[in-house]
Amino acid sequence: MQPRVIPRQEHGISRKQLSPNALRILYRLRDNGFIAYLVGGCVRDLLLGRTPKDFDIATNATPGQIKRLFRNCRLVGRRFRLAHLHFQDEIIEVATFRAAAPSEDPDDDGANPDDPARPNRPPRHLKDDDGMVLRDNVFGTPEEDALRRDFTINALAYNIADFTIIDYASGLPDLQQKLIRPIGDPLARFTEDPVRMLRAIRFAASLEFAIEPTTWKVLRSLSTTITRAAPARLYDEMLKLFLLGSSRKTCELLDESGLLQALCPQYCCWLATEETDVRKAQMLAILEGLDRMVHGGKSPSPPFFLSAFFGQYLEENSLSTHLEGLPRQQALDAACAGLLEDLARTIRIPVRIGSQVRAIHSIQHTLHKVPPRKPHTLASRSEFSDGIAYLRLNADATGKNQNARSWWDDFLAGKELLLIEHEETGQNPAPKRKRKRRRNRKRRPADAID
C-alpha cells in the first residue's frame, strides 16, 4: 500500500510548535545526507492540538553515525540501540529505522544488501515459541519502521525536508474517528508484544478514544497473556497507565478487559466480595482524586500512587491481622509484604518503593492522633509529604478522618504563613536551642586517697 503524503498546506503542524533542539537534530541529519523524520506520538499529539511530551526522531543513520555527528550523544539499549541526545532541558531520542519481523523462511535472513535505503547490517530478530519478540535489532526502511509500530495513529511521520506528513497505515482517518486500531492483525500484534494491550488501554483513556471493536474482542481474549511480559516492564507500564491524569477511565477499561484480574489477582479477589460495590466506589473515588492532582499540576510519586491504589486493601488486611493479636506495626508490615509478594509474579515493585509505601501507611496512625505531641518533628520526616497527601486523598474519597485532615491543614497553613512573615521582614525563624551535652563524670575509685 502506497503511503499517503499530506502537503504542508493541508495540515496544521508548524515548525514553531516543535522543540528547537529537535529541529537542530533534524536539520543536521538532513544536511549530512540522511533521511530524518519526527515520528510517533509527537506527530499524533500535534495533529490533535496537544503539546507533545517528547519529540522522537527516526533516521536511516546508524547509531554509530549518529554518535559521530553529535557530541552530546549517548547510545543506550540492549534490545535495540538508541541514541539519546542530551540538552540542558531535555533528552531527545533518535532511532534508526527498524524493520518488521523477518520471513519465517530459514534461508531468508531479512536483509537486502542491494537496497541503498537499508543499512547493510546483519539482522538480529528473535521470537519465542508463542511468537513474542525477545530481541528486535533489524534495521529497515522508513515504511518498514512505520508499519512495525503498534497503532495506526502512531505510524505518522513529519518530514523536515518538505514539511509534509507521511501516513503509512491510514492513521489520519483513525485519528479523525478517534479510534485505537493496531497495524495489521490484532491477534499477531498482541501476541508479539502483550504490553501493546496496556498501551491500547492507555491511549484510549488518555486521548478519550474508543478501541476498535474487533481489536477490543481480541484484547479481551488475550488478557491473561499479559503475564508473559517482564514484571519490571509491567511495573513501568503500570505507572504510565495511572499517572497521566486518566486513572479512573484506565482502571475501568482494565477491569472490563480482564487485564486488571491478570495483573493483580489477589487484589481483584478482595474487590469481588460481598462489599464489592462499596470497595469499587471508594477505589474509583481515590483515582478521581489522583486525576485531580495531576490536572492541578502535581506529579504523584510512585510510592504515593501505590499507597493510594492499594490503600483500602492494605488497611483492611492489616486491621484484620491486628485484631487477631499482632501489634499494629507488625500487622501493617505483614500486609505490605503480602501485597508485594502477590504482585511480584506479575509486577515487580522495587524494594525501595515498597519500603516507602510501608512508611506512608505507617505514619497514618500517628497523623490520625490530633493534636500530636511533636507536630514539627513529624512534619520533618521524609515520608510526611506523601503521608499527608494520602490522608487528604483518603479523607475526600471515604469521608474518614476529617478532623485529622482539618487539623493538619490548619497547622500547615499556619506554618506557611509564619515562613512568609519571616521572609517579608527579613528575619530568620528562631534557631533551635542546642542542648548542652552533659559531661561524663568519672567515678573516683572507692579506695582513692585524697
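Here the sequence shown is numbered in the working numbering, starting from 1031 and rising by one per residue.
C-beta atoms are modelled at their ideal positions from N, C-alpha and C, and glycine is treated no differently.
Exercise. If you draw a straight line from the C-alpha of I1055 to the C-alpha of A1427, how long is it?
Worked result: Mapped onto the sequence shown, residue 1055 falls at position 25. Mapped onto the sequence shown, residue 1427 falls at position 397. Each residue's Cα considered, the two are about 47 Å apart.
For this session: Quick one: give me the first and last residue of the alpha helix (DSSP H) that A1113 is part of.
Result: Along the sequence shown, read from residue 1 onward, the residue named residue 1113 stands at position 83. No alpha helix (DSSP H) holds A1113; the beta strand (DSSP E) holding it covers L1112 to H1116.
For this session: Look up V1067 in the DSSP assignment and give the residues it is bridged to.
Result: Here residue 1067 is taken as the residue at index 37 of the sequence shown, counted from 1. At residue 1067 the sequence reads Tyr, which differs from the Val that was named. Beta bridge pairing from DSSP links Y1067 with A1088 and N1189.
Exercise. Quick one: Cα of L1284 to Cα of D1321, how far?
Worked result: To locate residue 1284, count along the sequence shown from 1; it is residue 254. To locate residue 1321, count along the sequence shown from 1; it is residue 291. Straight-line Cα distance between these residues: approximately 16 Å.
For this session: With DSSP collapsed to three states, give me the class of E1123.
Result: Position 93 of the sequence shown holds residue 1123. Of the three classes helix, strand and coil, the one that applies to E1123 here is strand, per DSSP.
Problem set entry | Residue(s) in a DSSP beta bridge with R1034 | One-based indexing of the sequence shown puts residue 1034 at position 4. DSSP output for R1034 lists D1197 as bridge partner(s).
For this session: Verify whether the separation of the beta carbon atoms of V1225 and A1185 is less than 8 Å.
Result: For the purposes of this step, residue 1225 is taken as residue 195 along the sequence shown, with counting starting at 1. For the purposes of this step, residue 1185 is taken as residue 155 along the sequence shown, with counting starting at 1. With contacts defined by Cβ atoms closer than 8 Å, V1225 and A1185 do not form a contacting pair.
For this session: Would you check if the distance between the CB atom of V1381 and the CB atom of A1434 is smaller than 8 Å?
Result: One-based indexing of the sequence shown puts residue 1381 at position 351. One-based indexing of the sequence shown puts residue 1434 at position 404. Contact flag unset, no.
Problem set entry | Residue interval of the beta strand (DSSP E) (run including R1104) | As a first step, residue 1104 is located in the sequence shown; it is residue number 74 there, counting from the start. C1103 to V1106 is the span of the beta strand (DSSP E), which, as asked, contains R1104.
Problem set entry | DSSP three-state assignment for R1128, whether helix, strand or coil | Within the sequence shown, residue 1128 is the residue found at index 98, counting from 1. DSSP places R1128 in the strand class (E or B) of the three-state scheme.
Problem set entry | S1044 to I1256 span [Cα, whole Å] | Here residue 1044 is taken as the residue at index 14 of the sequence shown, counted from 1. Here residue 1256 is taken as the residue at index 226 of the sequence shown, counted from 1. One Cα belongs to S1044, the other to I1256, and the distance between them is close to 39 Å.
For this session: Kindly indicate which residue of N1102, G1107 and T1126 has the alpha-carbon position closest to the one of F1117.
Result: Start at 1 with the first residue of the sequence shown, and residue 1117 comes out as number 87. With distances taken between Cα atoms, F1117 lies closest to N1102.
For this session: Would you decide whether C1281 is buried or exposed? Buried here means 16 or more other CB atoms lie within 10 Å of its CB.
Result: Taking the sequence shown and counting its residues from 1, one reaches residue 1281 at position 251. Counting Cβ neighbours within 10 Å, C1281 comes out buried, since at least 16 surround it.
Exercise. F1181 by DSSP, collapsed to three states: which one?
Worked result: What you label residue 1181 is simply residue 151 of the sequence shown in a count that begins at 1. Three-state DSSP puts F1181 in a strand.
Exercise. With 16 as the cutoff for other CB atoms within 10 Å, does A1113 come out buried or exposed?
Worked result: Working through the sequence shown from its first residue, we reach residue 1113 at position 83. Buried.
Problem set entry | Exposed unless 16 or more other CB atoms sit within 10 angstroms - verdict on L1336 | Locating residue 1336 in the sequence shown gives position 306, where the first residue counts as 1. When all chains shown are included, L1336 counts as buried.
For this session: Compute every distance between the C-beta of D1119 and the non-hydrogen atoms of the ligand COA, then say whether any falls below 7 Å.
Result: Absence of the ligand COA from the depicted structure is noted, as is the absence of any ligand whatsoever, leaving it without description.
Exercise. For A1302, does the three-state DSSP call read helix, strand or coil?
Worked result: Within the sequence shown, the letter at position 272 stands for residue 1302. Coil.
For this session: Along the alpha helix (DSSP H) that carries F1233, what are the first and last residues, could you check?
Result: Along the sequence shown, one-based indexing puts residue 1233 at 203. Per DSSP, F1233 belongs to the alpha helix (DSSP H) from V1225 to L1237.
Exercise. Are the Cβ atoms of P1093 and L1076 separated by less than 8 Å?
Worked result: By one-based count along the sequence shown, residue 1093 stands at place 63. By one-based count along the sequence shown, residue 1076 stands at place 46. Result no, Cβ atoms of P1093 and L1076 do not sit closer than 8 Å.
Problem set entry | Residues that DSSP places opposite A1374 in a beta bridge | Position 344 of the sequence shown, counting from 1, holds the residue named residue 1374. Beta-bridge partners of A1374 (DSSP): none assigned.
Exercise. Per the contact definition of three or more C-beta pairs closer than 8 Å, is the segment 1207–1214 in contact with the segment 1080–1088?
Worked result: In this structure the segment 1080–1088 does not lie against the segment 1207–1214, because fewer than three pairs of beta carbons, one per stretch, are closer than 8 Å.
Exercise. Is the segment 1266–1275 close to the segment 1383–1391, with three or more CB pairs under 8 Å?
Worked result: No, because fewer than three Cβ pairs between the segment 1266–1275 and the segment 1383–1391 fall closer than 8 Å, the two stretches do not touch.
Exercise. Under three-state DSSP, which class holds S1379?
Worked result: In the sequence shown, counting from the first residue as 1, residue 1379 sits at position 349. It should be pointed out that residue 1379 corresponds to Ile in this sequence rather than to Ser. Reduced to three states, the DSSP call for I1379 is coil.
Exercise. How is A1240 classed by DSSP in three states: helix, strand or coil?
Worked result: Residue numbering aside, residue 1240 sits at position 210 when the sequence shown is read from its first letter. Of the three classes helix, strand and coil, the one that applies to A1240 here is strand, per DSSP.
Exercise. Nearest-angstrom Cα distance between S1410 and G1417?
Worked result: Residue mapping note: residue 1410 aligns to position 380 of the sequence shown, counting from 1. Residue mapping note: residue 1417 aligns to position 387 of the sequence shown, counting from 1. Taking the straight line from one Cα to the other gives about 12 Å.
For this session: Could you please give the first and the last residue of the uninterrupted alpha helix (DSSP H) stretch that includes G1417?
Result: Counted from its first residue, the sequence shown places residue 1417 at position 387. Residues F1414 to T1428.
For this session: From the DSSP output, in three-state form, read off F1340 for me.
Result: Taking the first residue of the sequence shown as 1, we reach residue 1340 at position 310. Secondary structure at F1340: coil, using DSSP grouped into helix, strand and coil.
Exercise. Who are the Cβ neighbours of Y1297 in its own chain at under 7 Å, not counting the five residues just before and after it?
Worked result: Counting from one through the sequence shown, the residue named residue 1297 turns up at place 267. So the list reads F1340 and Y1343, once near-sequence residues are dropped.
For this session: List the whole-angstrom C-beta distance separating A1218 from T1254, where the pair is believed to meet the contact cut-off of C-beta under 8 Å.
Result: Within the sequence shown, numbered from 1, the residue matching residue 1218 stands at position 188. Within the sequence shown, numbered from 1, the residue matching residue 1254 stands at position 224. Wrong, their Cβ atoms sit about 17 Å apart, outside the cutoff.
Problem set entry | Nearest neighbour of L1264, chosen from S1251, A1199, C1366 and R1375 [CA to CA] | If you number the sequence shown from 1, residue 1264 lands on position 234. The shortest Cα separation from L1264 among S1251, A1199, C1366 and R1375 belongs to R1375.
Exercise. How long is the line joining the alpha carbons of G1288 and W1246, rounded to whole angstroms?
Worked result: Residue numbering aside, residue 1288 sits at position 258 when the sequence shown is read from its first letter. Residue numbering aside, residue 1246 sits at position 216 when the sequence shown is read from its first letter. If I take the Cα positions, the gap works out to 11 Å.
Problem set entry | Straight-line gap, L1301 to E1267 (C-alpha atoms, nearest Å) | Along the sequence shown, one-based indexing puts residue 1301 at 271. Along the sequence shown, one-based indexing puts residue 1267 at 237. Answer to the nearest angstrom: the Cα atoms are 22 Å apart.
Exercise. Which residues share a DSSP beta bridge with L1209?
Worked result: Start at 1 with the first residue of the sequence shown, and residue 1209 comes out as number 179. Answer is A1240.
For this session: Take the Cβ of G1107 as the centre, count every other Cβ of all protein chains shown within 10 Å, and call the residue buried at 16 or more, exposed below.
Result: As a position in the sequence shown, residue 1107 is number 77, starting the count at 1. It is exposed - the Cβ of G1107 has fewer than 16 other Cβ atoms within 10 Å.
Exercise. Quick one: what's got a C-beta closer than 7 Å to C1294's C-beta in the same chain, skipping five residues either side?
Worked result: Counting from one through the sequence shown, the residue named residue 1294 turns up at place 264. A distance below 7 Å between beta-carbons, with the five flanking residues on each side excluded, links C1294 to the following residues of its chain, in chain order: L1373.
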